[in-house]
DNA sequence: CCATTTTTGTACCGTATCGCATAAAAATAG
DNA sequence: CTATTTTTATGCGATACGGTACAAAAATGG
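Chains as they are written, first to last, in this note's numbering: chain A, 4 to 210; chain B, 4 to 210.
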């Protein structure tokens, strides 16, 4: 019984590529306004294939939200790594996020903002599972930024101040996502992000 | 030809009260996930009556967005008037907004965040009219906050700094709306708002 | 070459959707 | 009391929705 090769008819599609296509649709239209027919058209699959591969519409969406959050954090971590010092690193990740929100990266082709902030949020009231997913995304962002600040300031900031600053920057970031979706230009958003970092993170730390 | 009294069958409903009920439904569910049947049930009207009074679903929603923005600004203006000094006034309007976002006021009964930020935003990509409406809400908030700062600092701040600070605070506010919808407690949000004001608005102005 | 397994594609089910057509109801005008 | 005006109420109509049943297709195992 060789288990190297799969048994039945081979899939016509690449799962990863298909998930990326699905992500685009949800990212653009949100959950409620997206139909499975649209997804079927974009992916080239038919609904039964979609269902057997990814479950229900809600399953698909939650999968996509996780996928987006993972991608986002890898992408921001990488962007933050290119600078040194608290403020420069924070500015770098905010600028990278703005590029993503305004459609300047290869992950998306248009100014859709943040998938979680801009689409998941709307559904959060009606559905507890969506609300928990949104909360998880927010918390993860808070902790990610706090971790960066903590690491970069090396004990010169009180822990409560670190957490507070991180939340302030996350609030700013989410506000920027909304403006990106409203059509605001990347340059304007980046200028706002830079000055926000200067105000929120103390200069006494050396930068 | 007396024109004092209307001619036909009298309406069974109060237009203002009905609009408030419609606002609740859109506020909770967003645009796409709201059906006219839900609205009909909540208002006690049937669809033809709704249509003849308020137009299509999209018409109704845009009407509601305007209505919400107007209410919001009256409410915040009133809240800001109860304090004196830049920072106290800004803190007062942010706290009032958080009360609204978390369902502590009589305008709404649950933590739905900001209607425009939390529901209009999702539709902004698909529909240019929605995108413009969102942009208008954002701009109005920026200008409102800038006006407050300008008035309260009496020329001690440069105009560009005023506008920048106003946008920073609006970004924070919109981020707070999202957290409210995610279920965060009012107290936590208010603490964040207060410290944000302290960081963003210079202390040199006297407060 | 036939059985088995997995995916694909067509077609369908029941329901929900928005908008409207049409008639009944309730008021005023003369 | 009749004509007119406006709103209400029933119901239709065409489409769209999510999900699934079922058979054909395409691979492997022996």
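Cβ atoms here follow ideal geometry from the backbone N, Cα and C, with glycine treated the same way.
Whole angstroms is fine: what's the gap from residue i's alpha carbon to residue j's?
i                      : j                      : result
residue 102 of chain A : residue 108 of chain B : 37 angstroms
residue 67 of chain B  : residue 94 of chain A  : 37 angstroms
residue 8 of chain A   : residue 14 of chain A  : 13 angstroms
residue 49 of chain B  : residue 55 of chain B  : 10 angstroms
residue 144 of chain A : residue 184 of chain B : 17 angstroms
residue 134 of chain A : residue 17 of chain A  : 30 angstroms
residue 5 of chain A   : residue 34 of chain A  : Only weak support exists for where residue 5 of chain A lies, its pLDDT of 43 falling under 50; the value from the coordinates is given anyway. Cα to Cα, the separation comes out at about 42 angstroms.
residue 10 of chain A  : residue 53 of chain A  : 20 angstroms
residue 197 of chain B : residue 113 of chain B : 23 angstroms
residue 166 of chain B : residue 92 of chain A  : 25 angstroms
residue 160 of chain A : residue 63 of chain A  : 41 angstroms
residue 74 of chain A  : residue 151 of chain A : 18 angstroms
residue 51 of chain A  : residue 39 of chain A  : 10 angstroms
residue 169 of chain A : residue 136 of chain A : 20 angstroms
residue 100 of chain A : residue 153 of chain B : 31 angstroms
residue 201 of chain B : residue 191 of chain A : 23 angstroms
residue 189 of chain B : residue 21 of chain B  : 28 angstroms
residue 149 of chain A : residue 193 of chain A : 20 angstroms
residue 46 of chain B  : residue 57 of chain B  : 13 angstroms
residue 28 of chain A  : residue 42 of chain A  : 7 angstroms
residue 130 of chain B : residue 171 of chain B : 27 angstroms
What is the DSSP secondary structure of residue i, reduced to helix, strand or coil?
i                      : result
residue 55 of chain A  : helix
residue 90 of chain B  : helix
residue 38 of chain A  : coil
residue 108 of chain B : coil
residue 159 of chain B : coil
residue 33 of chain B  : coil
residue 189 of chain A : helix
residue 48 of chain A  : coil
residue 209 of chain B : Reliability of the predicted coordinates at residue 209 of chain B is poor, the pLDDT of 45 falling under 50, and no value is obtained from them.
residue 4 of chain B   : For residue 4 of chain B, the predicted structure reports a pLDDT of 42, less than 50, and the residue's modelled location is therefore unreliable. The matter cannot be settled from this model.
residue 98 of chain B  : helix
residue 43 of chain B  : helix
residue 113 of chain A : coil
residue 9 of chain B   : coil
residue 28 of chain A  : helix
residue 119 of chain B : helix
residue 199 of chain A : helix
residue 194 of chain B : helix
residue 204 of chain A : coil
May I ask which residues mark the beginning and end of the alpha helix (DSSP H) holding residue i?
i                      : result
residue 180 of chain A : 162–184
residue 146 of chain B : 131–156
residue 64 of chain A  : 60–83
residue 17 of chain B  : Element bounds for residue 17 of chain B: n/a, residue is neither H nor E.
Say yes only if the C-beta of residue i is nearer than 7 angstroms to one or more non-hydrogen atoms of the ligand GTP, and no if none qualify.
i                      : result
residue 129 of chain B : Ligands are entirely absent from the displayed structure, and the ligand GTP is therefore not among its contents.
Under the assumption that residue i contacts residue j (Cβ atoms under 8 angstroms), give the Cβ distance between them as a whole number of angstroms.
i                     : j                      : result
residue 89 of chain A : residue 156 of chain A : 6 angstroms
Check your understanding: Does the stretch 123–140 of chain A come within contact of the stretch 59–76 of chain A, defined as at least 3 CB pairs closer than 8 angstroms?
Key -> Counting Cβ pairs under 8 angstroms, three or more are found: they touch.
**Study point:** Cβ contact (3+ pairs, closer than 8 angstroms) linking the stretch 177–193 of chain B and the stretch 167–182 of chain A
**Key:** Two segments are said to touch when three or more pairs of C-beta atoms, one from each, lie closer than 8 angstroms; by this definition the stretch 177–193 of chain B touches the stretch 167–182 of chain A.
Practice item. Evaluate contact between the stretch 78–86 of chain A and the stretch 111–128 of chain A, counting only Cβ atoms and requiring at least three cross-stretch pairs below 8 angstroms. Key: As far as the Cβ criterion goes, the stretch 78–86 of chain A does not touch the stretch 111–128 of chain A, which means the pair count is below three.
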